[in-house]
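Student:
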Amino acid sequence: MAGHSKWSNIKHRKAGQDAKRAKVFTKIIRELTVAARDGGGAVEDNPGLRNLVDKAKAAQMPKDTMERAIARGAGGQDGAELVALTYEGYGPGGVAVLVETMTDNKNRTVAEVRHAFSKAGGNLGTDGSGAYLFDKKGQIVFAPGLQEDEVIEASIDAGAEDVDVSEEGAIEITTAPEDFRAVQDALNGAGFEPESAEIGMIPQTYTDLDADQAEKVLRLLDMLEDLDDVTNLYTNANFPAG
Numbered sequence: 035m036a037g038h039s040k041w042s043n044i045k046h047r048k049a050g051q052d053a054k055r056a057k058v059f060t061k062i063i064r065e066l067t068v069a070a071r072d073g074g075g076a077v078e079d080n081p082g083l084r085n086l087v088d089k090a091k092a093a094q095m096p097k098d099t100m101e102r103a104i105a106r107g108a109g110g111q112d113g114a115e116l117v118a119l120t121y122e123g124y125g126p127g128g129v130a131v132l133v134e135t136m137t138d139n140k141n142r143t144v145a146e147v148r149h150a151f152s153k154a155g156g157n158l159g160t161d162g163s164g165a166y167l168f169d170k171k172g173q174i175v176f177a178p179g180l181q182e183d184e185v186i187e188a189s190i191d192a193g194a195e196d197v198d199v200s201e202e203g204a205i206e207i208t209t210a211p212e213d214f215r216a217v218q219d220a221l222n223g224a225g226f227e228p229e230s231a232e233i234g235m236i237p238q239t240y241t242d243l244d245a246d247q248a249e250k251v252l253r254l255l256d257m258l259e260d261l262d263d264v265t266n267l268y269t270n271a272n273f274p275a276g
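Our numbering numbers the first residue of the sequence shown as 35 and each following residue consecutively.
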């Protein structure tokens with residue numbers, strides 16, 4: 035199930051991500067600056083910027099840090115040389131991995147991404163080699179422990195496309211990109227606090243991994259996340275429970 039897969043992935047990766055908060059801040063600041071540069075600094079008029087502000091809040095970034103990054107971008111003072119590039123590759127066990135980056139040096143970035151794939155036993159593919167396996171969707175995930183019926187009803191009423199509940203009780207809600215904000219606002223208004231909420235690239239199907247493969251894929255994801263230019267990672271890996 036997609037819900038189980040997403041929740042399982044969150045559990046496997048959350049601890050490592052929490053330990054890298056300073057680097058996470060640096061990456062989000064870069065994204066905020068470019069979003070404000072490209073779409074303006076008014077959050078209410080720039081949906082991409084609003085999503086990033088939510089992402090910054092979820093990472094517990096101080097408000098003044100966010101505001102400075104937005105002001106720099108809106109004023110054209112910073113981020114002019116940064117471009118967004120996506121790389122596609124395959125990791126151990128044949129899992130597909132999409133790597134979103136923001137860089138001022140394409141040659142450096144592609145070399146670092148290729149090195150990470152090679153070192154972890156995967157390979158960097160060509161454009162189009164893996165992206166077709168993913169769809170752009172909104173995804174809202176709740177940890178186990180909530181009243182499932184209430185969350186499901188509120189989600190469907192707000193326009194969610196699909197709701198999955200894992201064996202553990204984690205709830206995953208999928209939306210069309212254009213409906214993501216309405217569903218998120220409705221759930222927040224009902225008092226439900228998600229574990230994660232984002233518009234991203236969602237796998238059409240998942241690839242099951244055994245324990246050994248999972249360890250190797252996690253190593254690849256950790257290596258990619260450590261790269262300064264990498265902003266988001268997506269994979270169709272389904273990590274084993276436990």
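Built from N, CA and C at the ideal position, the CB exists for glycine as well.
None of the values given here were measured: they were computed from a predicted structure.
If you follow the alpha helix (DSSP H) that L254 is part of, which residue opens it and which one closes it?
Tutor: For the purposes of this step, residue 254 is identified with residue 220 of the sequence shown, where counting begins at 1. Its alpha helix (DSSP H) spans residues A245 to E259.
Student: Are there 16 or more other CB atoms within 10 angstroms of the CB of N139, so buried, or fewer, so exposed?
Tutor: Locating residue 139 in the sequence shown gives position 105, counting from the first residue. That one is exposed.
Student: Who are the Cβ neighbours of L167 in its own chain at under 8 angstroms, not counting the five residues just before and after it?
Tutor: The residue labelled residue 167 in the question sits at position 133 within the sequence shown. Around L167: A130, P237, Q238, T239 and N270.
Student: Quick check on M35: does DSSP put it in helix, strand or coil?
Tutor: Residue mapping note: residue 35 aligns to position 1 of the sequence shown, counting from 1. Residue placement at M35 is poorly supported in this model, since its pLDDT is 35, which falls under 50; the coordinates still yield a value, given next. In the structure shown, M35 sits in coil (DSSP, three-state: anything other than H, G, I, E or B).
Student: Select from V175, E65, L132 and V264 the residue whose C-alpha is nearest the C-alpha of D169.
Tutor: On the sequence shown, residue 169 is found 135 positions in, with the first residue counted as 1. D169 has its Cα closest to that of L132, out of V175, E65, L132 and V264.
Student: Which residue spans inside the region 150 to 236 form an unbroken beta strand (DSSP E) run of at least 3?
Tutor: You should have 168 to 176, 196 to 199 and 205 to 209.
Student: Could you have a look at T120 and say whether DSSP puts it in helix, strand or coil?
Tutor: If you number the sequence shown from 1, residue 120 lands on position 86. The answer is strand: DSSP assigns T120 an E or B state.
Student: Is the separation between the beta-carbon of F59 and that of A92 shorter than 8 angstroms?
Tutor: To locate residue 59, count along the sequence shown from 1; it is residue 25. To locate residue 92, count along the sequence shown from 1; it is residue 58. Not a contact, by the Cβ cut-off of 8 angstroms.
Student: Taking the beta strand (DSSP E) that T269 falls in, what are its first and last residues?
Tutor: Counted from its first residue, the sequence shown places residue 269 at position 235. T269 -> beta strand (DSSP E) spans V264 to T269.
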